[in-house]
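Student: In our numbering, the protein residues as written are 7 to 250. One structure, as structure tokens, below. Some questions next.
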């Protein structure tokens, strides 16, 4: 029979470990943060405690792993809620994975497997805090520049976005140049306008994009040129590096 001290220790330790992982996710503005990870790890530990020690007064005919096994499948529904898909981009997979592994850590701590739980927690924290920086430095994506010269009107960006979406084009950055030489973007030193915008409603939109391997450039240009207000489409072969 587990002692009261041991029971409280396992619950508190599981909450602390879940909180440490949750802090890293919270700092990166992820959907599931500090409280979510604490609750998942703590709840998993409690379920494991119930599974292994909650039915000691009953005949030993059941399998204590059955109740704990439901945590593994049940966490999937919670993780799915953190995954967001926008066009061709998917976000939240790492957060979903961290929630899932927190469930495993909670089960380990709840079952008294401290070495496995603590070691896993250390590896998870290292992966989230250190490998993310490594990925951003090493795996820098290259984006080409697409320039569209057009007359400004309501709904123009939306129409262009629909064409981009039909060709599975990933947009990293958008910059808009007007005749007043103002730039509506965060990276004002990345691009310069290619023409002198003398007409009052003429604008030049720069898209930093990444296209798929089977990208049909001619068909894409034809579709963009059919958009009302588009004057010219220019494909700039120079590449811009973005850290993602």
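Each residue gets a CB set at the ideal place from its N, CA and C atoms; glycine is no exception.
Taking the alpha helix (DSSP H) that residue 99 belongs to, which residues open and close that run?
Tutor: 99-116
Student: Do residue 97 and residue 51 have their CB atoms nearer than 8 Å?
Tutor: No, they are not a contact pair.
Student: Would you kindly report the start and end of the unbroken alpha helix (DSSP H) that includes residue 220?
Tutor: Unbroken run through residue 220: none, as it is neither H nor E.
Student: Does DSSP classify residue 225 as helix, strand or coil?
Tutor: Looking at residue 225 - three-state DSSP - the assignment turns out to be helix.
Student: Let me check understanding here. Comparing Cα to Cα, which of 167, 208, 40 and 55 lies closest to residue 12?
Tutor: Closest by alpha carbon: 55.
Student: Quick one: give me the first and last residue of the alpha helix (DSSP H) that residue 259 is part of.
Tutor: This structure cannot settle anything about residue 259, because the visible part of the chain is limited to 7 through 250.
Student: For my contact list, residue 226 and residue 173 are in at a C-beta cut-off of 8 Å; report their separation, rounded to the angstrom.
Tutor: About 5 Å separates the two Cβ atoms, so the contact holds.
Student: Which residues share a DSSP beta bridge with residue 214?
Tutor: 151 and 179
Student: From what residue to what residue does the alpha helix (DSSP H) around residue 134 run?
Tutor: From DSSP, residue 134 is part of no alpha helix (DSSP H); its letter is neither H nor E.
Student: Tell me the DSSP secondary structure of residue 14 in three-state form.
Tutor: helix
Student: May I ask you to report which of helix, strand or coil DSSP gives residue 29?
Tutor: helix
Student: Look at residue 44 and residue 28 and say whether their C-beta atoms are less than 8 Å apart.
Tutor: yes
Student: Residue 163 lies in the alpha helix (DSSP H); which residues open and close that run?
Tutor: 162-172
Student: If you compare alpha carbons, which of 88, 59 and 79 is closest to residue 42?
Tutor: 88
Student: Just the C-alpha distance for residue 149 and residue 30, rounded to the nearest angstrom, thanks.
Tutor: Cα atoms of residue 149 and residue 30: separation of roughly 29 Å, rounded to the nearest angstrom.
Student: Quick one: measure Cβ to Cβ for residue 176 and residue 115, integer angstroms, because I've assumed they're closer than 8 Å.
Tutor: Their Cβ separation, rounded to whole angstroms, is 40 Å, which puts residue 176 and residue 115 out of contact at 8 Å.
Student: Considering Cα atoms alone, identify which of 79, 166, 216 and 218 is closest to residue 236.
Tutor: Among 79, 166, 216 and 218, the Cα nearest to that of residue 236 is on 166.
Student: For residue 81, which option in 128, 156 and 110 has the closest C-alpha, if you only look at C-alpha atoms?
Tutor: Selected option, being the one with the closest Cα: 110.
Student: Quick one: residues in its chain with C-beta nearer than 6 Å to the C-beta of residue 107, no 5 flanking neighbours on either side, listed in chain order?
Tutor: 130
Student: Could you work out which residue in 216, 219, 34 and 25 is closest to residue 49 when comparing CA atoms only?
Tutor: 25
Student: So, are the CB atoms of residue 40 and residue 32 less than 8 Å apart?
Tutor: yes
Student: Residue 5: which of 112, 231, 138 and 137 sits nearest, CA to CA?
Tutor: Residue 5 lies beyond the range of the chain shown here (7 to 250); nothing can be said about it.
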